[in-house]
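The numbers in my numbering rise by one with no breaks, and the one at position 106 of the sequence shown is 132. Yeah, the Cβ is synthetic: ideal placement off N, Cα and C, and Gly gets one too. None of the values given here were measured: they were computed from a predicted structure.
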Amino acid sequence: MRLKNYSIRTETSYVDWIERYIRFHGMRHPKDMGAAEIEAFLTHLAVQQRVAASTQNQAFSALLFLYREVLRQELDESINAVRARQPRQLPTVLTKEEVKSVIQHLSGMPKLVIQVLYGSGVRLNEGLNLRVKDLDFAQHQIIVRNPKGYESRMTMLPTSLAEPLKLHLERVRQTHQQDIDRGCGSVHLPFALERKYPHADREWIWQFRVSCNWYSARSP
């Protein structure tokens with residue numbers, strides 16, 4: 027998956043779905059199964075577990091990857107699983123007053139993250155995955171990147187958040203340096219960038235320091 031530049035989130039999700047698929051069929055090896063077993067598993071997700079359509083689609087994508095890319099096994103039959111229902115309800119949108127009320131009851135990092143999300147219009151995962159280099163204080167812009175690390179669009183960085191963000195980054199820069207001194211402090215980079223800049227994973231500008239104060243452990 028990493029050779030194909032899949033994101034870490036996708037990699038983790040696919041592995042989880044493949045494990046669930048194997049457990050569902052009593053720990054049988056995937057090479058001994060095929061379209062019928064995939065269909066049974068996907069139908070189980072839709073009927074018994076009542077997952078969302080997007081969740082079922084993700085499980086299907088994981089299994090297709092397993093058979094086509096890992097086992098090099100084409101599925102000769104079509105998959106006719108029961109389809110999960112698409113949600114029909116409209117999303118709940120908070121009013122300005124409600125958003126202000128929520129923010130007033132927050133403090134610290136949660137408050138800053140919510141202010142960035144609301145003020146810039148970025149999605150939750152986009153906001154949580156912002157790197158230091160994605161903040162352009164001079165132009166009051168935020169660079170939003172896709173999971174592979176390429177720039178996808180620009181959005182505004184509210185002037186009112188410039189100073190709070192600068193103060194936050196200055197505080198965590200010191201923590202980052204301490205992490206580097208201890209031999210850690212590296213982050214995941216998109217595969218192409220990792221090859222081009224082999225030591226960039228420890229550089230300050232690539233850190234996910236916009237939305238967190240800690241690092242998660244991850245095997246290389």
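Check	Outcome
Measure the Cβ-Cβ separation of A110 and V77 and say whether it is below 8 Å.	yes
So what does DSSP say about Q204, is it helix, strand or coil?	helix
Tell me whether the beta-carbon of I129 lies closer than 8 Å to the beta-carbon of L92.	no
On the three-state DSSP scale, how would you describe R46?	helix
Given that a residue counts as buried once 16 or more other Cβ atoms are within 10 Å of its Cβ, and exposed if not, what is G153?	buried
Output the residue ranges of the beta strand (DSSP E) runs that lie fully inside the stretch 140-192 and measure 3 residues or longer, sorted by chain position.	167-171, 177-182
Kindly list the residues whose CB is nearer than 6 Å to the CB of Q99, restricted to its own chain and excluding five residues on each side of it in sequence; keep chain order.	Y93
Measuring alpha carbon to alpha carbon, tell me which of L101, M27, A79, I169 ends up nearest M59.	L101
Suppose contacts are defined by Cβ-Cβ distances below 8 Å. Is S33 in contact with Q84 by that definition?	no
Quick check on G60: does DSSP put it in helix, strand or coil?	coil
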